[in-house]
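K.L.:
In this note's numbering, the protein residues as written are 3 to 137.
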Amino acid sequence: MNAHTTEERNPGERQLTVRVLAMPADTNPTGDIFGGWLMSQVDIAGAILAVQVARGRVATVAVHEFQFIKPVLVGDLVSCYSELEHVGNTSIRVKVDVYAEREIDPRTLDQVARASITYVSVDENARPRPLPPRP
Ligand SMILES: CC(C)(COP(=O)(O)OP(=O)(O)OC[C@H]1O[C@@H](n2cnc3c(N)ncnc32)[C@H](O)[C@@H]1OP(=O)(O)O)[C@@H](O)C(=O)NCCC(=O)NCCS
3 MNAHTTEERN
13 PGERQLTVRV
23 LAMPADTNPT
33 GDIFGGWLMS
43 QVDIAGAILA
53 VQVARGRVAT
63 VAVHEFQFIK
73 PVLVGDLVSC
83 YSELEHVGNT
93 SIRVKVDVYA
103 EREIDPRTLD
113 QVARASITYV
123 SVDENARPRP
133 LPPRP
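1. What's the gap between the Cα of A5 and the Cα of Q17?
2. Give every residue of the same chain whose Cβ lies closer than 7 Å to the Cβ of A128, excluding the five residues on either side of it in the sequence, and list them in chain order.
3. From the DSSP output, in three-state form, read off V96 for me.
4. Could you name the residues that DSSP lists as bridge partners for S118?
5. Can P130 be considered in contact with ligand 1, in the sense that its beta carbon sits closer than 7 Å to one or more heavy atoms?
6. Quick check on the DSSP output: the beta strand (DSSP E) that includes L133 runs from which residue to which?
7. Per DSSP, what kind of secondary structure is D112 in: helix, strand or coil?
8. Just grab the DSSP bridge partners of Q17 for me.
9. Let's test the definition: count the other Cβ atoms within 10 Å of the Cβ of A56 and tell me whether it reaches 16, buried, or not, exposed.
10. In whole angstroms, what separates the C-alpha of I35 from that of V80?
11. Apart from the five residues on each side of it in sequence, which residues of its chain come closer than 6 Å, Cβ to Cβ, to G77?
12. Going by the DSSP bridge assignment, what does I106 pair with across the sheet?
13. Does the beta-carbon distance from Q113 to C82 come in below 8 Å?
Okay, here's the thing in C-alpha cells:
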C-alpha cells in the first residue's frame, strides 16, 4: 500500500478496505458461503472508499456489475480492494476486487469476485450533496 492520503488518491489506485474471515454462520442451507454475504461485504468495502471521498454520508444507488468468479469457502480469508472508477458531481463509482486466501492452502490467493458500484453523497435529508473539491 502506498502512503497517500485519501484526498490524494486517484482513479487506478486501490485500497484494502475490508478483510474478513468467511465463517460457518455465513453459509446457505447447503453449506456453501452465501452470495448475499459476499455482496454485503463488497458493498461495505466500496462504501468505505466512497465515504472517504464524500467526507460524509453516502447511499448505494446502483450495482452495475457483480461477478462471482470462484466459490468462497468456510475458513477463507476474504480481502476486498476498492478503487475509484469515476467521481461525478455527487456520485462515486467504485470497483471492488475480491480475493480469497484459502484455509486449506494459505499460499493460494484466488480472485473470487469483482463488482462496480455507484454511491451518492447525501445530506442529512438523504438528498444528493455535491462532493467536496478534490485536490
Ligand atoms: C441516492 C438518491 C438520493 C439519488 O437521488 P436522485 O434523485 O436519483 O439523484 P440525482 O438524479 O440527482 O442523481 C444523483 C447522482 O446519482 C447518479 N445516479 C442516479 N441513479 C444512478 C444509477 N442508477 N446509476 C448510476 N448513477 C446514478 C446521477 O448520475 C448523479 O450523479 P452526479 O451528481 O455525479 O452527476 C436516491 O436515488 C435514493 O435515495 N436511492 C436509495 C438509496 C438507498 O437507500 N440505498 C441503500 C439501499 S438499502
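Positions of the beta carbon are idealized from the N, C-alpha and C atoms, including for glycine.
From a predicted model like this one, the values you see are computed outputs, not experimental measurements.
P.N.:
Short version:
1. Caution is warranted here: a pLDDT of 36 is assigned to A5, below 50, making its placement in the model unreliable, and the coordinate value is therefore given only provisionally. When rounded, the distance between both Cα atoms is 11 Å.
2. A61
3. strand
4. E67 and K97
5. yes
6. Premise fails: L133 is in no beta strand (DSSP E) and is neither H nor E.
7. strand
8. S84
9. buried
10. 12 Å
11. E105
12. I106 is not bridged to any residue.
13. no
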